[in-house]
Amino acid sequence: MAKEKIPTISVVIPMYNAENYIEECLNSLLNQTLKNFEVIVVDDCSTDNSLSIADSMTSKFSAQNKNLIVITLSKNSGCPGIPRNTALNFAKGKYIYFLDSDDFLDKTALEDFYNVAEKFRADVVHSEKCFVYEEVDGELKDTLASTQTGEFVENPTLETFDIGERVSDFINKRYLWWGCNKLFRREFLLKNDIKFSNMTAFEDLIFSFMCVVCAKNYVRVPFTNYHYRIRKNSLSHKGLDGVEKSLNLIEAVKNLDGFMSNRKFFIENPKYRYAMLDFFINDKLDSLAQALFVTSNLDPAEVFDYFAREIFSINPQNNISLTSYLFTSMNIYKLLVNQQAAEIARLKKLLADEKNN
Numbered sequence: 006m007a008k009e010k011i012p013t014i015s016v017v018i019p020m021y022n023a024e025n026y027i028e029e030c031l032n033s034l035l036n037q038t039l040k041n042f043e044v045i046v047v048d049d050c051s052t053d054n055s056l057s058i059a060d061s062m063t064s065k066f067s068a069q070n071k072n073l074i075v076i077t078l079s080k081n082s083g084c085p086g087i088p089r090n091t092a093l094n095f096a097k098g099k100y101i102y103f104l105d106s107d108d109f110l111d112k113t114a115l116e117d118f119y120n121v122a123e124k125f126r127a128d129v130v131h132s133e134k135c136f137v138y139e140e141v142d143g144e145l146k147d148t149l150a151s152t153q154t155g156e157f158v159e160n161p162t163l164e165t166f167d168i169g170e171r172v173s174d175f176i177n178k179r180y181l182w183w184g185c186n187k188l189f190r191r192e193f194l195l196k197n198d199i200k201f202s203n204m205t206a207f208e209d210l211i212f213s214f215m216c217v218v219c220a221k222n223y224v225r226v227p228f229t230n231y232h233y234r235i236r237k238n239s240l241s242h243k244g245l246d247g248v249e250k251s252l253n254l255i256e257a258v259k260n261l262d263g264f265m266s267n268r269k270f271f272i273e274n275p276k277y278r279y280a281m282l283d284f285f286i287n288d289k290l291d292s293l294a295q296a297l298f299v300t301s302n303l304d305p306a307e308v309f310d311y312f313a314r315e316i317f318s319i320n321p322q323n324n325i326s327l328t329s330y331l332f333t334s335m336n337i338y339k340l341l342v343n344q345q346a347a348e349i350a351r352l353k354k355l356l357a358d359e360k361n362n
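So the sequence shown is numbered by our numbering: it starts at 6 and just counts up by one.
See below:
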């Protein structure tokens with residue numbers, strides 16, 4: 006009996022109500038120059054025709070000796086993390102590539118990523134840019150874009166092995182935070198128990214941060230072969246209310262701090278642990294404040310009562326990290342304000358003394 010051929014890549018696609026896009030997404034995989042890969046679609050209980058369209062594509066994949074697996078969750082998870090984690094349990098590929106159901110790839114994408122991964126023995130291959138598609142006045146506009154800062158590489162480039170530098174670069178937004186547009190060695194994810202958090206927000210950022218910290222060989226590439234579609238009604242672009250934003254922030258801080266508290270690097274270098282929490286919380290507090298104080302029309306007293314009653318009393322053990330951070334940050338802020346006030350008072354006294362003399 007012939008030995009089963011192990012796929013080079015498992016392409017993971019979480020899907021929810023993507024009937025207008027899933028066929029284009031899967032066709033872009035049928036056209037790949039790389040031949041030996043599998044596709045795993047996990048349907049999150051779609052209420053449209055997404056599932057039937059995906060099922061109808063299995064014969065096209067079989068005709069090309071490719072494997073398309075379609076899995077349906079028993080109940081809607083409401084987040085992309087659970088479908089992705091479910092697919093990882095079925096994946097057999099040497100590498101994992103996450104692709105959203107409303108996006109698509111250039112035909113050489115998988116082969117380009119695979120060749121670099123093999124050359125560098127990479128745990129992660131990180132593309133810095135993609136094409137963003139957005140409907141403007143009824144027309145689809147595409148723009149080459151990136152959310153990361155700094156210079157972009159012109160050739161495949163191995164990242165520094167210095168974890169402190171990587172964390173600092175992450176804080177300075179030198180990494181693209183999406184789970185998509187990257188190739189991951191499956192053994193690397195399993196060995197480090199790297200999975201997506203079961204949240205409606207921030208799960209990509211936490212997953213990417215864990216990979217940046219844990220990867221030995223992390224490679225940047227100049228490829229622009231991912232086509233990202235902005236859908237206003239998608240989960241990633243649907244506005245969350247203040248309650249959901251708050252709960253997600255608490256869960257994200259718990260997950261981030263829990264991950265760092267078990268890593269030798271952060272135990273020996275606690276300043277990086279605090280710096281990461283400081284960056285993440287401050288980066289997200291603006292939108293949370295907007296949701297609580299502006300769009301909700303709550304006054305400060307109502308917000309205080311809401312946090313005390315609905316957020317921090319739900320599970321106090323889960324709120325320790327965020328509470329500790331806020332206590333530390335507020336006291337640092339007060340100390341700085343007091344120091345500035347003392348310095349201003351000293352300068353005023355000096356000026357007054359000079360004037361009197």
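Note that beta-carbon positions come from the ideal geometry of N, C-alpha and C, so glycine has one too.
Contact defined as beta carbons within less than 8 Å: I believe residue i pairs with residue j. What is the distance between those atoms, to the nearest angstrom?
{"i": "Asp53", "j": "Pro88", "result": "At roughly 16 Å, the Cβ-Cβ gap does not stay under 8 Å, so Asp53 and Pro88 are not in contact."}
{"i": "Phe175", "j": "Val217", "result": "6 Å"}
{"i": "Ile58", "j": "Glu28", "result": "6 Å"}
{"i": "Ile45", "j": "Ala122", "result": "In fact, because the Cβ distance is near 19 Å, the residues do not count as touching under 8 Å."}
{"i": "Arg171", "j": "Gln153", "result": "In fact, because the Cβ distance is near 13 Å, the residues do not count as touching under 8 Å."}
{"i": "Asp108", "j": "Tyr223", "result": "In fact, because the Cβ distance is near 23 Å, the residues do not count as touching under 8 Å."}
{"i": "Glu159", "j": "Pro227", "result": "6 Å"}
{"i": "Ala257", "j": "Met204", "result": "7 Å"}
{"i": "Tyr231", "j": "Cys84", "result": "Not quite, the Cβ-Cβ distance comes to about 21 Å (not below 8 Å), so this is no contact."}
Name the DSSP beta bridge partners of residue i, please?
{"i": "Arg190", "result": "Tyr100"}
{"i": "Glu144", "result": "Val141"}
{"i": "Met20", "result": "Asp48"}
{"i": "Arg234", "result": "Tyr138"}
{"i": "Asn15", "result": "Looking at the sequence itself, residue 15 is Ser, so the reference to Asn does not match. Ser15 pairs with Glu43 and Ile101."}
{"i": "Ile76", "result": "Val47"}
{"i": "Arg225", "result": "His131 and Thr162"}
{"i": "Leu181", "result": "Looking at the DSSP assignment, Leu181 forms no beta bridge with any residue, so it has no partner."}
{"i": "Ala150", "result": "Cys135"}
{"i": "Leu110", "result": "Tyr231"}
Residues in the same chain with beta-carbon distance under 6 Å from residue i, minus the five sequence neighbours each way, listed in chain order, please.
{"i": "Thr162", "result": "Arg225"}
{"i": "Leu31", "result": "Met62"}
{"i": "Gly184", "result": "Phe103, Asp209 and Phe212"}
{"i": "Lys383", "result": "Nothing can be reported for residue 383, as the shown portion of the chain is limited to 6 through 362."}
{"i": "Val137", "result": "Thr148, Ala150 and Tyr233"}
{"i": "Ser82", "result": "Asp49"}
{"i": "Asp111", "result": "Asn230"}
{"i": "Ile18", "result": "Val46, Leu104 and Ser106"}
Run the CB neighbour count on residue i, radius 10 Å, all protein chains shown included, and call it buried at 16 or more, exposed below.
{"i": "Ala357", "result": "exposed"}
{"i": "Leu73", "result": "buried"}
{"i": "Thr148", "result": "exposed"}
{"i": "Gly244", "result": "Because Gly244 sits at a pLDDT of 43, beneath the cut-off of 50, its placement in the model cannot be relied upon, and the point is left open."}
{"i": "Val86", "result": "What sits at residue 86 in the sequence shown is Gly, not Val. Under this definition Gly86 is a buried residue."}
{"i": "Asp310", "result": "exposed"}
{"i": "Asp3", "result": "This structure does not reach residue 3, given that the chain is present from 6 up to 362, and the question cannot be answered."}
{"i": "Ser79", "result": "exposed"}
{"i": "Gly98", "result": "buried"}
{"i": "Phe157", "result": "exposed"}
{"i": "Ile349", "result": "exposed"}
{"i": "Ala150", "result": "exposed"}
{"i": "Ser15", "result": "buried"}
{"i": "Thr300", "result": "exposed"}
{"i": "Asn287", "result": "exposed"}
{"i": "Lys3", "result": "Since the displayed the chain opens at 6 and closes at 362, residue 3 lies outside it and no answer follows."}
{"i": "Asn94", "result": "exposed"}
{"i": "Ser33", "result": "buried"}
{"i": "Asp262", "result": "buried"}
{"i": "Glu359", "result": "exposed"}
Counting only the same chain and skipping the five closest in sequence on each side, list residues whose C-beta sits under 7 Å from that of residue i.
{"i": "Arg278", "result": "Met265 and Phe271"}
{"i": "Asn343", "result": "none"}
{"i": "Lys289", "result": "Leu254"}
{"i": "Ser292", "result": "Lys250"}
{"i": "Ser241", "result": "Reliability of the predicted coordinates at Ser241 is poor, the pLDDT of 44 falling under 50, and the value obtained from them is presented with this limitation in mind. Cβ within range, chain order: n/a, list empty."}
{"i": "Asp60", "result": "Val75"}
Which same chain residues, not among the five before or five after residue i, have their C-beta less than 8 Å away from its C-beta?
{"i": "Asn197", "result": "Met215 and Cys219"}
{"i": "Ser55", "result": "Met20, Tyr21, Asn22, Ala23, Glu24, Ile27, Asp48 and Ser106"}
{"i": "Pro12", "result": "Asn41, Phe42, Glu43, Asn72, Lys97, Gly98 and Lys99"}
At least 3 beta-carbon pairs within less than 8 Å: the region 115 to 129 vs the region 174 to 194: yes
The region 110 to 124 in contact with the region 36 to 48 per 3-pair CB rule at 8 Å: These segments touch.
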